[in-house]
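Numbering of the sequence shown is given in the UniProt record's numbering, commencing with residue 1 and proceeding in unit increments. Where a beta carbon is used, it is the ideal one built from N, C-alpha and C, also for glycine.
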Amino acid sequence: MHSTAPTTTANTLPSPPPSSGQPQTLLDLITGVLSALLLSSLSVGSFVGRWQVIRSKLSSLQSSLSSLSESPHWSQNPLLHTLLPSILSTLQRLHSLAEQCTLSSFAGGKLLMQSDLDSASSSLSNHLHDLDLLLRSGVLHQSTAIVLSQPGPDSAKEDLGFFIRDLFTRLQIGGVEYKKKALESLLQLLKGDEKSAGVVAKEGNVGYLVSLLDVNSHPLIRELAVLAVSLLASSSDESRKIVFEEGGLGPLLRILETGSMVLKENSAIAVEALTADPENAWAISAYSGVSVLTEACRSGSQATQTHAVGALRNVAPVEDIKMALAEEGAVPVLLHILDTGTNAAQERAGNCIAVLASSGEYFRSQIIQERGLQRLMHLIQELSSSDTIEHILRAISFLSVSDSVARVLSSSTIFIIQLSEFIKHGHIFLQQIAASLLANLSISDGNKRSIPSCMGSLVKLMESPKPAGLQEAATNALVSLLTVRSNRKELVRDEKSVTRLVQMLDPTNELIIKKFPVMVAAAILSGGSQGCRKRLMAAGAYRHLQKLAEMEIAGAKKALQRLSPNKLRSIFSRTWRE
C-alpha cells in the first residue's frame, strides 16, 4: 500500500476509522466523503488547474469503488483493511483543502498549499493504481479461502494462476508485512515445484518483483526478492527470459557489486543463469559487468565465486567481451580459481580458460606468461572431475599450436603417459582430445614405446562415427605410434584389435570412412614384417583391400601391394604401372 503524507493545514481533520473497521462501513464513509468532495471542488477559487486534475481522479475513484462493491467477495480481501482507511484519510485531507481553496484564505502560504495539493493528488493516483490492480487481478471475484493455502502439485492450472495473481496483488499493494508474506509464499512455490516458474512468469508481475531489487527497498524485502528472482532465472527458459526482458540483469550486477554476502551469492546464481542464454550474454558489457564478475571471482565467497566464474564462462565467447576480460586481468584470476576453487568453480574456470585459449595469440600468450601451461599440466594429474580435465586438456590443445608449447608437451613422458590413460579410460570427448594431441605432437620413439597399451582403445575409437573428427584423430594417433616396430608387433598380437580393423576394411561397413583403416593397415605393413603380414592375411584383410583398391580408395593399392605374397607383388606392380 502506498503511504500518504500527513496534512500540514491548520484545520483539524476528523481521524479515519481504525483499519479494523468493517469494510462495508468504511466504503459507505468513503462514498459519502467522495460525493461531498466532488461537489465542493466545483466551488474552489484557487489553484483551479490543479483541482481539475484532482476532480478527474476523484471521478475515476468513484468508478473504481463502484466496480469494487460489485465484486462478490470484495469485503473478504484483507488488503482492503489497510487500503480503504488510507483512501478515506486522503479524501478527508482533500475535503479540508477544498474548503480552504474556496475561502481563498489558506494557512501557510501559496507554496505550501501547492505542495499539499500535489501530495494529495499523488496519493489519489496511488489509490487508483492499487484499486485497478485489485480489480484486474480477479482476486475479488473468488473467496479468499481459496488462496489462503498454496495449491498442491496436482492443483489445476486455474487455481495456481489465481494463487499467483493474488500473491502479486498482495505484493504490490500491501505494506512490508504483506510483501514479506507474499514473497515467502512465492519462494515456497518456486522451491516446491520447478514447473511453477513458467506460470509465475506468465501470471505474475515479474517487472515489479525486479523493482524490489532496488537499494531503496526494505532490506528484508530486497533479500527475499533477490532469492525469488534467482529462482525464477534458474528454473525455466520462459521465466529466465522474462527476468531479462524486465531489466533484471542490471540490478543483479549492482547487488553482486555492493550487496551483503547472501545477496551476492543469490545474485551471482541469477546472473549465471541469465547469461547462459547467448542472446543475453552481450548485455553484460552494457552494465560494466565484466569488472563486477571478475572482482566477485577475486574476493567473493566460494558460492559467489563459483557462479561468477560460471557467468564469465558464459560471456567469454562474445567478441566484444573478450577485450574486457583482457583489460580486467581475467586470466590470472581464472588460473587461481583452477588452483584453489571448489570442484564446481574449477570446472567453470577450466571451461573459460579453454574458450580464451581458442580465441587467439593474445590470450594464449597471457596464459603462458602466467605459467599456465605448467599449472594445467599439473592439474590434469591431480583432478578427479573428468569434465574439468576435459576443459583443461582442451586448453592445452589450443596452447599447443605454439611451437614452444608443443616442444614442452612432446618431451614430457609423464604428459604422454597421461594422454594414453585418457584414451583408455576417459569419456569420449576426453579420448578425442587426447588422441588429437598424440597425433599432432612430435613424440620421440622412446615415448611412443611407453604407451602401446592405448592402441587397442584407438582402434576401438576408429569405429565411432560420432563425435565428428574422432575417427580421424584416432587414426592419426595410431599411425604415429605404429612408426615404432615394437608397437606394430604389439598391435597385431591383439586379436580383438586386428578383427576390428579388418571389419572396418569391409566395404559393406558404411559407418567407417575407408581411408582411415587403410592408413592403419598400411602403417602396420610399412616395416615389411612377415609376422604382421601373415596376421592380417589370416584375418581376411586381403580380399577387403582388393575391393577397396578396385574402388580406388586412397592408399588401398599400396597397402594391398605390401600385403600380397612375394610372387604376386611384381605382377600387381606391373599391372598397375601399365
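(request) Return the first residue and the last residue of the alpha helix (DSSP H) that residue 372 is part of. (result) 372–382
(message) Looking only at its chain, what residues have a beta carbon closer than 7 Å to the beta carbon of residue 419, apart from the 5 residues adjacent to it on each side?
(response) 434, 437, 438
(message) Restricting to runs no shorter than 4 residues, where is the alpha helix (DSSP H) found entirely within the stretch 281–331?
(response) 289–299, 302–315, 319–327
(request) Would you please state the rounded distance, in angstroms, between the beta carbons of residue 201 and residue 239? I believe it to be under 8 Å. (result) 4 Å
(request) Kindly list the residues whose CB is nearer than 7 Å to the CB of residue 328, restricted to its own chain and excluding five residues on each side of it in sequence; keep chain order. (result) 290, 291, 294
(message) Less than 6 Å between C-beta atoms, sequence neighbours within five positions excluded: which residues of the same chain meet that for residue 244?
(response) 274, 280
(request) Leaving out five residues on either side along the sequence, give the residues of the same chain with a beta carbon under 6 Å from the beta carbon of residue 99. (result) none
(request) Answer yes or no: do residue 386 and residue 426 have a C-beta to C-beta separation smaller than 8 Å? (result) yes
(message) Assuming residue 224 and residue 184 are in contact, meaning their beta carbons sit under 8 Å apart, how far apart are those beta carbons, in whole angstroms?
(response) 7 Å
(request) Classify residue 113 as buried or exposed, calling it buried when 16 or more other Cβ atoms lie within 10 Å of its own Cβ. (result) buried
(request) Reducing DSSP to helix, strand and coil, say where residue 531 ends up. (result) helix
(request) Alpha carbon to alpha carbon, how far is residue 277 from residue 402? Give it in angstroms, no decimals. (result) Near 33 Å, if we compare the C-alpha coordinates of residue 277 and residue 402.
(message) Assuming residue 524 and residue 511 are in contact, meaning their beta carbons sit under 8 Å apart, how far apart are those beta carbons, in whole angstroms?
(response) Rounded, the Cβ-Cβ distance is 21 Å, inconsistent with contact.
(message) On the DSSP letters alone, give me the boundaries of the alpha helix (DSSP H) that residue 85 sits inside.
(response) 80–103
(request) Find out if the Cβ-Cβ distance for the pair residue 516, residue 462 is shorter than 8 Å. (result) One thing to note: residue 516 has its Cβ within 8 Å of the Cβ of residue 462.
(message) For residue 192, report the span of its alpha helix (DSSP H) as first-last.
(response) 176–192
(request) Taking the CB atoms as reference points, tell me whether residue 268 and residue 256 lie closer together than 8 Å. (result) Between residue 268 and residue 256, the CB-CB gap stays under 8 Å.
(request) Taking only the alpha-carbon atoms, compute the straight-line gap between residue 146 and residue 232 and give it to the nearest angstrom. (result) Bear in mind that a pLDDT of 38 at residue 146, under 50, signals an unreliable position, so the model cannot answer this.
(message) Buried or exposed for residue 395, going by 16 or more other Cβ atoms inside 10 Å?
(response) buried
(request) Pull up the distance between the alpha-carbon of residue 352 and that of residue 236, whole angstroms please. (result) In a straight line, the C-alpha of residue 352 is about 24 Å away from that of residue 236.
(message) Which same chain residues end up closer than 6 Å to residue 9 when comparing Cβ atoms and leaving out the 5 residues on each side of it in sequence?
(response) Its pLDDT being 37, under 50, residue 9 is placed unreliably in this model, and the value from its coordinates should be taken loosely. Once the five neighbours on either side are set aside, the close Cβ partners of residue 9 are 96.
(message) Check this for me: beta carbons of residue 391 and residue 354, under 8 Å apart or not?
(response) yes
(message) Measuring only the C-alpha atoms, how far is residue 50 from residue 316?
(response) 55 Å
(request) Work out the CA separation of residue 160 and residue 618 for me, nearest whole Å. (result) Only positions 1 to 578 of the chain appear in this structure, which leaves residue 618 out of reach.
(request) Can you give me the Cβ contacts of residue 128 inside the same chain, cut-off strictly under 7 Å, excluding the 5 residues immediately before and after it? (result) 57, 60, 61, 64
(message) Under DSSP, the alpha helix (DSSP H) around residue 23 begins and ends at which residues?
(response) Residue 23 -> alpha helix (DSSP H) spans 23–40.
(request) Output yes or no for whether 8 Å exceeds the beta carbon distance between residue 428 and residue 467. (result) yes
(message) Distance check for residue 212 and residue 421, CA to CA, integer angstroms please.
(response) 53 Å
(request) Starting from the N-terminal side, write out each stretch of the alpha helix (DSSP H) that is 4 residues or longer and does not extend beyond the stretch 469–522. (result) 470–481, 485–492, 495–505
(request) Measure the alpha-carbon distance for residue 323 versus residue 330 and round it to whole angstroms. (result) 10 Å
(message) Measuring only the C-alpha atoms, how far is residue 125 from residue 102?
(response) 23 Å
(request) Starting from the C-beta of residue 285, find all residues in its chain whose C-beta is less than 7 Å away, skip the five residues before and the five after it, and write them out in chain order. (result) 320, 321, 324
(request) Could you pull out every residue in the same chain whose Cβ sits closer than 6 Å to the Cβ of residue 270, ignoring the five residues on either side in sequence? (result) 229, 230, 233, 252
(message) Check for me: the alpha helix (DSSP H) holding residue 344 runs from which residue to which?
(response) 343–357
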